[in-house]
Amino acid sequence: MKIAMKKKVPKDVYASCLLAGYVGAVLLHLPTDGMPAFGEYSRMLPEGLRLFATYVMAHHTYLNGEIWSAYGMGKAALFMAERSYPISMTYIHCMMAVCAINRKHKQEAQEEMLRSWELAKMDGFLEPFIEHHGLLRGLIEACIRNRDPEAYQRITEGVISFSRGWMALHNPENRRKVTGELSTMEFSIAMLASGGWTNKEIGEHLGISINTVKHYLTDIFCKLNVKKRDELKKFMLK
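Laid out in structure tokens, this is it:
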């Protein structure tokens, strides 16, 4: 991007460089120092890339705590799209599901999750669900585990590998306990419990009994050597 600025490249080329910069900022948590706002450049991208850029910026907005603004960005982009772009739209619906479940709008979150899944499943496009597993807070378990056990198993395998790499970069102190000892289901329940969900809410969300939730939490606390939910946050939300 810096080279593009020095050489004064065409605006559409600069827009692509800027998109790459924001992808790095959002997905790898790289710094955004010196990067201009993306809005005025996004219209210079082809529609499919512009939709992916909307996902990136919605994710950036979500990370800044503006949950419903992020949701609205995705909804508006999908409404105005002239044709179908499955990859970009899968990511947008996935991000909208993240926003909705973050505010405990379970039905809306599941609807967005299933829209995302319907776009992705024919090609076995599992990456968005692997990458967003923690942020989706049990939606994969609620929507895919029983509907498509084989795909869920492949997602699970991907989540374990992805989480180990992510934790190694961003939370190395707790990497082994979280990614080495917790199953994917336990990870989702730990995320929900860390986010203030009650046992009843977790059970209803995942389609399991309160006693089963309690059993999972007992195992999670034992594996992580914690005694209460507040202590989970240093492992799950740090």
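Under the working numbering, the first residue of the sequence shown is numbered 15, with each subsequent residue one higher. Idealized CB from N, CA, C, for every residue including glycine.
Inter-residue CB distance, methionine 71 and phenylalanine 93 (contact presumed, cutoff 8 Å): Their Cβ separation, rounded to whole angstroms, is 16 Å, which puts methionine 71 and phenylalanine 93 out of contact at 8 Å.
When the Cβ atoms of the segment 228-237 are set against those of the segment 197-210, are three or more pairs found closer than 8 Å? yes
Three or more C-beta pairs below 8 Å linking the segment 77-85 and the segment 155-166: no
Assuming leucine 65 and alanine 91 are in contact, meaning their beta carbons sit under 8 Å apart, how far apart are those beta carbons, in whole angstroms? 6 Å
Among the residues of its own chain, which have a CB less than 6 Å from the CB of phenylalanine 176, if the five just before and after it don't count? Ile144
Other residues of its chain near leucine 32: CB distance less than 8 Å, five sequence neighbours each side excluded: Met15, Met49, Pro50, Phe52 and Tyr55
Span of the alpha helix (DSSP H) holding glycine 62? 61-77
For isoleucine 293, does the count of other Cβ atoms within 10 angstroms reach 16, so buried, or fall short, so exposed? With the chain represented from 15 up to 252, any question about residue 293 goes unanswered, as that position is not in the structure.
Have a look at glycine 148 and methionine 205 and give me their C-alpha separation to the nearest angstrom. 7 Å
Since glutamate 96 contacts glutamate 61 with CB under 8 Å, what's their CB separation in whole angstroms? 6 Å
Between which residues of its own chain and alanine 67 is the CB-CB distance below 8 Å, once the five residues before and five after are set aside? Leu33, Tyr36, Phe52, Ser56 and Leu59
To which residues of the same chain is tyrosine 105 closer than 7 Å at the C-beta, ignoring the five residues directly before and after it? Phe66, Tyr69 and Pro142
What separation, rounded to the nearest whole angstrom, lies between the Cα atoms of phenylalanine 235 and tryptophan 211? 16 Å
Residue from Ser208, Ser98 and His219 whose Cα sits closest to the Cα of arginine 159: His219
Buried or exposed for methionine 109, going by 16 or more other Cβ atoms inside 10 Å? buried
If alanine 111 sits next to leucine 150, beta carbons under 8 Å apart, how far is it from one beta carbon to the other, in whole angstroms? 6 Å
Glycine 217 beta carbon less than 8 Å from that of serine 223: yes
Close Cβ partners of tyrosine 166 (< 6 Å) along its chain, the five nearest in sequence each way excluded: Ile158 and Arg159
Give me, in chain order, the residues of the same chain whose beta-carbon lies closer than 6 Å to that of alanine 29; leave out the 5 immediate sequence neighbours on both sides. Tyr55, Met58 and Leu59
For the alpha helix (DSSP H) that contains phenylalanine 249, what are its first and last residues? 243-250
Where threonine 75 falls, given that 16 or more other Cβ within 10 Å makes a residue buried: buried
Alpha carbon to alpha carbon, how far is leucine 246 from tryptophan 131? 30 Å
Taking the alpha-carbon positions, what's the arginine 117 to lysine 20 distance? 43 Å
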